[in-house]
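Student:
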Amino acid sequence: MSTLIIFSVLHLLISLVCGAPLAPALYVFGDSLFDSGNNNLLPTVSKANFKPYGVDFAKGDTGRFTNGRLVPDFIAEFLGLPYPPPCISIRTSTPVTGLNYASASCGILPETGQSTGKCLSLDDQIDLFQRTVKSSLPNHFEGPNELMKYLSKSIFVVCIGSNDYMSNYLLI
1178 MSTLIIFSVL HLLISLVCGA PLAPALYVFG DSLFDSGNNN LLPTVSKANF
1228 KPYGVDFAKG DTGRFTNGRL VPDFIAEFLG LPYPPPCISI RTSTPVTGLN
1278 YASASCGILP ETGQSTGKCL SLDDQIDLFQ RTVKSSLPNH FEGPNELMKY
1328 LSKSIFVVCI GSNDYMSNYL LI
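Residue numbers for the sequence shown follow our numbering, beginning at 1178 and rising by one.
Below, the structure is given as structure tokens:
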């Protein structure tokens, strides 16, 4: 056991010193706890692109439902990756280091969050990820085997479900 811990720590230190990311990409799925700005471009009242949101974040009020960074931002920093940009802004970003599909007020159930306007349910987020894998990512790899190897080494983070209880069960 101690050998495994020592090996893991050495691997981490070597990766940090060499500047190589610990994973090729970080893909994020979830609700407002992980939304990095997808709702800014959706017709919804669930937005965080104004003060006081982002007052402690270098990039300002980006649509994160916090005054600073989100958990996925900390994970990206640890992995040596850039913050995953909102998937809806993919025209201005590359999906190779990851994307954020999270959408505030959404949930696992498709009807969750619809009372506040449009949001990306978990099904919608998965559909968008599948489109990324089929349309955008193949342009960056030589073939399907290389793409699958890349995806198998990528990190996927999911935090979703609290709105399902709050919106569908507690308000009945």
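Note that the Cβ used here is the ideal one computed from N, Cα and C, for glycine as well.
Going residue by residue through the segment 1257-1306, where are the continuous beta strand (DSSP E) segments of at least 3 residues, counting only ones entirely within it?
Tutor: For the segment 1257-1306, not a single whole beta strand (DSSP E) run of length 3 or above is found.
Student: So, are the CB atoms of Cys1336 and Leu1305 less than 8 Å apart?
Tutor: No, the pair does not count as a contact, with Cβ atoms beyond the cut-off.
Student: Going by beta carbon distance, what residues of the same chain come within less than 8 Å of Ile1349, once the five residues before and after it are set aside?
Tutor: At Ile1349, the pLDDT of 49 sits below 50, so the modelled position is not reliable; the number obtained from the coordinates is stated separately. Correct list: empty, nothing qualifies.
Student: What are the partner residues of Phe1318, as DSSP defines its beta bridges?
Tutor: Beta-bridge pairing links Phe1318 to no other residue.
Student: How far does the beta strand (DSSP E) with Leu1203 in it extend, from its first residue to its last?
Tutor: Leu1203 to Gly1207 is the span of the beta strand (DSSP E), which, as asked, contains Leu1203.
Student: Between which residues of its own chain and Ser1209 is the CB-CB distance below 6 Å, once the five residues before and five after are set aside?
Tutor: Correct list, in chain order: Phe1242 and Ala1281.
Student: Could you spell out the range, first to last residue, of the beta strand (DSSP E) harbouring Ile1332?
Tutor: Here the beta strand (DSSP E) through Ile1332 covers Ile1332 to Cys1336.
Student: Among Leu1286, Leu1247 and Tyr1278, which residue has its Cα nearest to the Cα of Gly1231?
Tutor: Nearest of Leu1286, Leu1247 and Tyr1278 to Gly1231, Cα basis: Leu1247.
Student: Go ahead and pull the three-state DSSP assignment for Thr1239.
Tutor: In the structure shown, Thr1239 sits in coil (DSSP, three-state: anything other than H, G, I, E or B).
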